[in-house]
Each structure stands twice: as structure tokens, then as C-alpha cells.
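Comments concern the structure below.
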Amino acid sequence: MPSILSRNEKFYVFTNFIFLYINVLITFSLIYLLLDIFQLGPLINRFSINDPTILLSDKLLNSLHLSAKTLFSDSYSYIIPFGWSRVVAFIEGTVGFILPAFMMLKFLPLGNVKLERNKPSSLIFKLLLRSLFVTIGALFVSLALEIFLVPNKIIDGGIVGISIMMSFLTGIKLELFLLILNLPFLYLGYKQIGKNFVVTTLFGISMLSVGTLILYNVPVPTDNPLLASLFGGIFLGVGVGMVIRHGGSLDGTEILGILINKRSPFSVGTIVMFLNVFIFSTAGFVFGWDKALYSLFAYYIASVMMDITIKRFH
Numbered sequence: 001m002p003s004i005l006s007r008n009e010k011f012y013v014f015t016n017f018i019f020l021y022i023n024v025l026i027t028f029s030l031i032y033l034l035l036d037i038f039q040l041g042p043l044i045n046r047f048s049i050n051d052p053t054i055l056l057s058d059k060l061l062n063s064l065h066l067s068a069k070t071l072f073s074d075s076y077s078y079i080i081p082f083g084w085s086r087v088v089a090f091i092e093g094t095v096g097f098i099l100p101a102f103m104m105l106k107f108l109p110l111g112n113v114k115l116e117r118n119k120p121s122s123l124i125f126k127l128l129l130r131s132l133f134v135t136i137g138a139l140f141v142s143l144a145l146e147i148f149l150v151p152n153k154i155i156d157g158g159i160v161g162i163s164i165m166m167s168f169l170t171g172i173k174l175e176l177f178l179l180i181l182n183l184p185f186l187y188l189g190y191k192q193i194g195k196n197f198v199v200t201t202l203f204g205i206s207m208l209s210v211g212t213l214i215l216y217n218v219p220v221p222t223d224n225p226l227l228a229s230l231f232g233g234i235f236l237g238v239g240v241g242m243v244i245r246h247g248g249s250l251d252g253t254e255i256l257g258i259l260i261n262k263r264s265p266f267s268v269g270t271i272v273m274f275l276n277v278f279i280f281s282t283a284g285f286v287f288g289w290d291k292a293l294y295s296l297f298a299y300y301i302a303s304v305m306m307d308i309t310i311k312r313f314h
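The sequence shown runs 1 to 314 under full-length UniProt numbering.
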């Protein structure tokens with residue numbers, strides 16, 4: 001009996017499943033991040049190898065704990081259940097993701113699109129291409145932060161910059177401010193731009209986390225703050241521009257810049273730069289004016305490169 005689905009439709013189903021998996025991974029990662037902020041992570045890691053009373057739900061929660069935590073950290077020792085190998089834990093986590101994955105079908109970009117038989121799907125190609133460029137853009141931003149800016153104590157802008165200052169002043173965990181301050185902008189982006197934008201943004205933020213993890217403690221090429229500001233700004237602007245160009249964002253101020261850009265003659269880079277002027281002015285009182293000025297210079301370079309990346313490669 002011939003297959004009911006065409007070759008293109010089979011590829012469509014397979015691609016949908018991949019994106020389902022990615023979205024569920026990101027969703028549970030953000031849930032665990034919130035639990036970790038409030039020191040509640042151990043509550044979902046109750047697996048005991050010799051305890052027959054442990055429910056299947058607890059085992060699945062432990063798997064979600066593993067999968068979520070490894071997306072944001074390189075710490076495995078206290079997560080893997082009592083000597084189980086990473087391979088077994090990964091398989092367990094994969095099984096745990098299958099059921100909720102199908103429940104998220106309606107939230108995916110491909111969810112309501114019909115493929116024409118015997119015709120190549122340009123939509124799937126564009127979606128895969130978007131994921132590729134968002135990943136590259138996020139890695140460029142990771143490179144700017146971990147190789148040039150952060151090691152030279154040059155302050156980041158946007159929500160990250162505000163979170164760094166608030167964490168420094170209050171002593172509260174940085175992750176808490178990053179999560180809380182970005183949530184309103186993600187909701188605003190969902191309402192004004194669309195759910196595909198929010199999905200792409202969450203994907204980009206996750207790739208940014210992976211990139212900073214990979215590049216953590218990589219040897220720094222220069223300790224000259226001027227060179228660090230210049231090259232950090234270039235990589236930062238190109239990376240953010242690529243993500244925005246392909247339908248996503250990496251920071252709440254970028255979402256605000258996109259929305260203002262739709263209703264004003266100002267470019268996204270100019271709007272973000274204007275917002276960061278106020279952030280860097282405040283940072284001058286907190287960290288010192290020399291670092292604030294270098295940060296301002298880096299973001300001027302970044303805003304120029306962002307506009308070039310968004311407009312010239314449109």
C-alpha cells in the first residue's frame with residue numbers, strides 16, 4: 001500500500017517534530033531557571049535508585065531538571081541520578097519530552113501551514129535558514145561579550161546592563177533581574193509582533209547562553225579597552241543585527257526598538273543607542289565614568305553595524 005504522505009509532507013512532519021523538541025527544551029529550561037533563582041532546584045531532584053516508591057512523574061521531573069540545567073550550566077555532578085551515565089540520563093530526558101512536545105504543536109511557526117504536494121517547501125528552507133542565522137548571530141554576540149567586553153570590564157547595555165547594575169546594588173541574583181525585566185518585553189513582543197517572534201527570541205537567547213558557556217574562560221586577545229570596545233562593538237552589532245534581520249531579538253530594549261521603529265522614522269540601532277545612553281549614564285555613577293564611556297563607544301559601533309546588517313542585507 002503506497003504511503004499516504006508525500007515526501008515533502010514527511011519532511012514537514014519531521015521538521016515539525018524537531019522544532020517541537022527545541023521549543024519544549026527551551027520552555028522547561030526557563031521554568032528550571034526560575035526555580036534555580038529561588039533556590040528550589042533540589043525540590044525536583046528527588047530520584048533515589050533503591051527507592052521503589054518514587055513515581056514515574058518524579059523521574060520525568062528529574063530528566064527535565066537535567067535537560068534544562070545543562071542548557072544554562074556546565075555542572076552535571078549533582079544532577080545525574082546516582083551515578084547514571086549522561087547517555088542514560090539524556091535518553092530518559094528525551095522520552096520525558098515526547099508527550100509535552102505534541103501539546104505545543106499549535107505554538108510553532110509551522111503549525112498551521114499546508115504543504116502543496118510534489119512542490120519543494122520554501123517555508124521549511126526559510127525556517128531552517130532563519131534558525132541558522134539566529135544561531136550565528138547569537139554566537140557573534142557571545143564572542144563580543146566573552147572575548148572583548150566582559151573581560152575588559154566594559155559594561156553591557158540594554159536589559160543586561162540594567163540587571164547588572166541592580167544586582168550589584170542590591171546583592172540579589174543577576175538571573176532574577178534578567179528574567180523579570182525581560183518578561184514584559186516578551187509579552188509586548190507577543191502582542192504587537194507575534195508568537196513566531198517570541199519563539200525565535202527564546203531560541204536566540206538559548207543559543208546565546210550556549211555560546212557564552214562555550215567561550216567562558218577563553219584567552220582574551222587584548223586588554224586594551226579601546227580595541228576591546230571597537231571589535232566588541234563590531235561583533236555585537238553584526239550579531240544582534242542578524243538576529244533582528246531574521247525575526248528575533250536578544251534583549252528587551254531591542255524589542256522596544258523594533259516596535260518604536262514601526263511608528264517612527266528612527267532606525268532600530270538609533271533607538272537602542274538612545275536608550276543605552278541613559279543606561280550608560282547611570283552606569284557611570286555605579287562603575288566609573290571611564291568604563292561607561294568605553295561602553296558608550298562600543299554601543300555606537302554596535303548600532304552602526306546593526307543598521308548596516310539589517311538594511312544592507314535585507
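We put the CB at the ideal spot given by N, CA and C, even for glycine.
{"Item": "Residue environment, Gly288, which counts as buried when at least 16 other CB atoms sit within 10 Å", "Value": "exposed"}
{"Item": "Own chain partners of Phe133 with C-beta closer than 6 angstroms, once the 5 adjacent residues on each side are dropped", "Value": "Met242, His246"}
{"Item": "Nearest neighbour of Met207, chosen from Ser267, Ser281, Leu127, Ser142 [CA to CA]", "Value": "Ser142"}
{"Item": "The alpha helix (DSSP H) enclosing Val268, as first and last residue numbers", "Value": "268 to 287"}
{"Item": "Backbone CA spacing between Arg263 and Val286 [nearest angstrom]", "Value": "34 angstroms"}
{"Item": "At least 3 beta-carbon pairs within less than 8 angstroms: the segment 254 to 274 vs the segment 163 to 170", "Value": "no"}
{"Item": "Residue closest to Phe148, alpha-carbon to alpha-carbon, out of Pro219, Ile310, Leu259, Leu275", "Value": "Pro219"}
{"Item": "For Asp290, three-class secondary structure by DSSP", "Value": "helix"}
{"Item": "Of the listed residues Gly157, Phe235, Thr201, Arg130, nearest to Ser295 (C-alpha basis)", "Value": "Gly157"}
{"Item": "Classification of Val160 by the beta-carbon crowding that lies within 10 angstroms, buried from 16 upward", "Value": "buried"}
{"Item": "Identity of the residue in Ser281, Leu181, Phe231, Gly257 nearest Ala298 by Cα", "Value": "Phe231"}
{"Item": "Cα-Cα separation between Ile205 and Ser131, rounded to whole angstroms", "Value": "12 angstroms"}
{"Item": "Helix, strand or coil at Gly83 according to DSSP, with G and I counted as helix", "Value": "Confidence at Gly83 is low in this model, with a pLDDT of 37, below 50, so its placement is unreliable and no value can be given for it."}
{"Item": "Per-residue burial, Ile310 [other beta carbons within 10 Å of its own, 16 or more giving buried]", "Value": "buried"}
{"Item": "Short Cβ contact (8 angstroms threshold) for Phe140 with Phe235", "Value": "yes"}
{"Item": "Beta-carbon separation (whole angstroms), Met306 vs Gly237, contact threshold 8 angstroms", "Value": "4 angstroms"}
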